[in-house]
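**Student:** To convert, take the position in the sequence shown, counting from 1, and add 12; that gives this note's numbering.
Cβ atoms here follow ideal geometry from the backbone N, Cα and C, with glycine treated the same way.
All values reported here derive from a predicted model rather than from experimental measurement.
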Amino acid sequence: MNEEQFKGKWNQAKGKLKQKYGELTEDDLKYAEGKSDELLGRLQEKTGKAKSELIKEIESF
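1) Our contact map puts Phe73 next to Lys21 with C-beta atoms below 8 Å; I'd like the distance itself, whole angstroms only.
2) Output yes or no for whether 8 Å exceeds the beta carbon distance between Leu66 and Leu52.
3) Give the straight-line distance between the Cα atoms of Lys19 and Thr59, rounded to the nearest whole angstrom.
4) What do you get for Asn62, buried or exposed, if any count of 16 or more other CB atoms within 10 angstroms of its CB means buried?
5) If you measure between the beta carbons of Glu28 and Leu41, is that distance less than 8 Å?
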């Protein structure tokens, strides 16, 4: 998934991730351009899932 595809999916996925993982905060979910690796790292930390697993989950939204 390239950066542009990730950005497009991200807006759709934010709400679903907040519903599924209630411990995620708005700060955790803020996406800054060029920071997809940092964002995925935060999601990994909060959810305990692997990066590849999270990418698949976001793609499925």
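**Tutor:** To lay it out plainly:
1) As a working mapping, residue 73 is identified with position 61 in the sequence shown. As a working mapping, residue 21 is identified with position 9 in the sequence shown. Indeed, because the Cβ distance is near 6 Å, the residues count as touching under 8 Å.
2) Taking the first residue of the sequence shown as position 1, residue 66 is located at position 54. Taking the first residue of the sequence shown as position 1, residue 52 is located at position 40. Cβ atoms of Leu66 and Leu52: closer than 8 Å.
3) Here residue 19 refers to the residue found at position 7 of the sequence shown. Here residue 59 refers to the residue found at position 47 of the sequence shown. Those two C-alpha atoms are separated by around 20 Å.
4) Taking the first residue of the sequence shown as 1, we reach residue 62 at position 50. According to the sequence displayed, residue 62 carries Ala and not Asn. By the 10 Å Cβ count, Ala62 comes out exposed.
5) Looking up residue 28 in the sequence shown gives position 16. Looking up residue 41 in the sequence shown gives position 29. This sequence places Lys at residue 28; Glu is not what is there. The answer is no: Cβ separation not under 8 Å.
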